[in-house]
Amino acid sequence: MLAIRDLTLSIQGRVLLREASAMAPAGRRVGVVGRNGSGKTTLFRAIRGELPIDGGEIEIPRAWRVAGVEQEAPATDAPLIDLVLDHDTERAALLREAEALERSITSEDAGRIAEIQMRLADIGAHSAEARAAAILSGLGFDAAAQARPSAAFSGGWRMRAALAGALLAAPDLLLLDEPTNYLDLEGVMWLEAFLARYPNTVLLISHDRRLLNRAVNGVLHLSEQSLAYYPVPYDKFAAMRRERLAQIGAEARRQDAERARIQSFVDRFRAKATKARQAQARLKMLERMEPIVTIAEEGVAAFDFPDPETLSPPLVALDGAAAGYGGKAVLSGLDLRIDAEDRIALLGQNGQGKSTFAKLICGALEPLAGKITRSGKLRIGYFAQHQLDGLTPGEDAVAHLRRLRPEEPPAKLRARLGAAGLPGALAETPVEKLSGGQKARLLMALATLDAPHLLILDEPTNHLDIESRAALAQALTGYAGAVILISHDSDLVETVADRLWRVGEGGVAPFEGDMAAYRQIALSKTNGPAADPAEKLAGKLTGKPDANSAANSAGAPPDGAPTPPPREGRQNKRRAGADQRRALAPLRAEAIACEERVRKLEEMKAQVAQRLADPELYAGASDTLESLGRKRAEIDAGLERAEALWLDALERLEAAEGG
């Protein structure tokens, strides 16, 4: 196991951990969580021996191989798959040795070559190339891309390849620091499934709640310069921590009340001779009473998006539009519309055109063909991660805001930034000294400054911790404008979006399934050949022609197919479908809310049942047992009502969909 004992760790004079201890059992997949700046990445550096520790020890079994993802992936002329294979250092070293020996073989060399071949067989070296190809495929590299030199890829894609190498090496202790930052939603889904089956020990820093719930079975929490290990997935950890904080708070309040009562007695009777000794005794009680230190959870600043005025629909309409670069179309045949209060998530692998579509909508790209119509008074806010690099070094957040609001006084600019989560000194801190999450908040404030009618968010959560992601989801849910969302955070997509559009094969088309259906299709494609029904469904939902539709590209229908309806008819049908989805949205929301209520009551029932199963409960006070019995009866009654409401909501939704 990995054992951390009395660890004190600091960086640039700031203490991050003080005499902290924790253990991660061998074979566990552990999510490392904590607020931004709590020291998670620094702890990884200390585990890898890259950073000296101030005290204590980090104990790792000697035989363990420790590996993670390098900060920078090399750009070379070697094929990408070779870059990944080189991460299996033992295999690479053995192959080099065998190749050198075979050039001038002797009788002694023959024995060593036999040993090498046996070892290569033991470590599965001959299947390494197939495993590397499968991992690269899961992370978005097709066979052609795997054969290209690594220098042909951007830094983000090379980081994906470095992640593939770390996964291929399968070390005894795998350290992953925010591995999803370079992945699309499909890649995150694949990584989730891969890690859930990983046999060795993993430490995973992530703010992706779904990944932490599905891929890990333990949580290492950094808080208040200490470490605590919980042998449960993230949601159970969060519930346990909330319960612990509530218990500590209640105990502290009881102690404060007891202190006040004792102090009141002392103050009243200290001067009376008959009570003086009792007063002194109570003073000693106060001195011996160890204060209960409550854990102050730092509040998370809300995102504040000003509501725009109402515009007549549609906000944006695309009629046969195409978009691309240098005259070459990436997307074409776009017949879509965006209305006020639409919540649209764009799905599809990186490189398929999601960001191209966003740039077309916001006006950063002009259509190569067709037409795009925007409402005359439409204001669009655009947030993209690459904009972090466009912030001006040496300038603070106030200066960036002043550029857009030169007439506003500094006090009002600072008030705006405070509402965005950059209060006080942070507003006047040079941007290069802000954390990634603070820079993201500044960009969000800039994007929403003019109360846009349409907000386009391209990977907005990469630098946000779990609590800030929840605050963003809450703000978007209450936002009165339309939203186009590109995100690998499936929790955010499921919380915010009520429409899914799939981007791929040169087009954009509505996806009528939910995220569970999309996840199944995405995983079937990355984990191997999909079953025929899934393949047919995927083709149907992309809205792209199948193999029998080559004639369509020349303007003629395929053999035996009816002539397609005119474009106006198709547009009317799409508008009718959109109207129906909007009409059904309240019913869907009600059904989801009812289901969530049932889930919470079932969790409460399980918690009460777990407490009632504790043998020690029956040796204590009977009032606790009676209280739990009453609570169980209340939950059972509430669960019965909630299930009835859920079934009623589902029946009304099905009836409306059928109508």
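So that you can map any letter, position 519 of the sequence shown is 523 in this note's numbering, and since no number is skipped, the others follow by simple counting.
Ideal placement from N, C-alpha and C gives every residue a C-beta, glycine not left out.
Bear in mind that the values here come from a model prediction, so they are computed numbers and not experimental data.
Three-state secondary structure (DSSP) at residue i?
i	result
residue 505	strand
residue 266	helix
residue 390	helix
residue 33	strand
residue 384	strand
residue 190	helix
residue 124	helix
residue 304	coil
residue 225	strand
residue 27	strand
residue 458	strand
residue 170	helix
residue 321	strand
residue 236	coil
residue 153	strand
residue 310	coil
residue 617	coil
residue 248	helix
Considering Cα atoms alone, identify which of the options is closest to residue i.
i	options	result
residue 63	157, 177, 145, 134	177
residue 222	260, 213, 241	241
residue 440	412, 417, 422, 390	390
residue 447	429, 457, 428, 467	467
residue 442	24, 40, 10	40
residue 511	235, 229, 323, 189	323
residue 516	605, 455, 348	348
residue 633	611, 188, 374	611
residue 6	23, 106, 68, 428	68
residue 193	525, 649, 605	525
residue 118	127, 107, 102	102
residue 182	72, 19, 616	72
residue 357	444, 329, 86, 379	329
If we count the other Cβ atoms within 10 Å of its Cβ and call it buried at 16 or more, is residue i buried or exposed?
i	result
residue 353	buried
residue 17	exposed
residue 462	buried
residue 332	exposed
residue 131	exposed
residue 536	Legend: pLDDT at residue 536 = 33, less than 50; position of this residue unreliable, no value from coordinates given.
residue 400	buried
residue 46	buried
residue 519	buried
residue 495	buried
residue 163	buried
residue 555	Because the pLDDT at residue 555 is just 33, under 50, the model does not fix this residue reliably, and the point stays unresolved.
Could you compute how far the alpha carbon of residue i sits from the alpha carbon of residue j?
i	j	result
residue 377	residue 464	26 Å
residue 423	residue 81	49 Å
residue 410	residue 417	10 Å
residue 600	residue 654	13 Å
residue 369	residue 363	6 Å
residue 32	residue 38	19 Å
residue 310	residue 212	27 Å
residue 336	residue 327	6 Å
residue 218	residue 238	9 Å
residue 404	residue 449	10 Å
residue 304	residue 397	26 Å
residue 602	residue 639	10 Å
residue 650	residue 245	30 Å
residue 133	residue 89	7 Å
residue 657	residue 522	21 Å
residue 126	residue 432	59 Å
residue 513	residue 420	38 Å
residue 382	residue 14	50 Å
Taking residue i as part of the alpha helix (DSSP H), name the residues at either end of that continuous run.
i	result
residue 494	494 to 500
residue 43	Where residue 43 is concerned, there is no enclosing alpha helix (DSSP H), given that its DSSP letter is neither H nor E.
residue 448	440 to 451
residue 2	Outside the modelled stretch of the chain, which goes from 5 to 663, sits residue 2, for which no answer is possible.
residue 74	No alpha helix (DSSP H) contains residue 74, which DSSP labels as neither H nor E.
residue 481	470 to 482
residue 396	Where residue 396 is concerned, there is no enclosing alpha helix (DSSP H), given that its DSSP letter is neither H nor E.
What residue range is occupied by the uninterrupted beta strand (DSSP E) comprising residue i?
i	result
residue 667	The question about residue 667 has no answer, for the chain in this structure spans 5 to 663.
residue 347	347 to 351
residue 374	373 to 378
residue 205	205 to 209
residue 61	59 to 63
Would you please verify whether the beta carbon of residue i is less than 8 Å from any beta carbon of chain D?
i	result
residue 409	Protein chains in the displayed structure number just one, and chain D is not present.
Could you check if residue i belongs to the surroundings of the ligand FMN, using beta carbon to heavy atom distance under 7 Å?
i	result
residue 214	Of the ligands one can find in the structure shown there are none, so the ligand FMN has no counterpart to examine.
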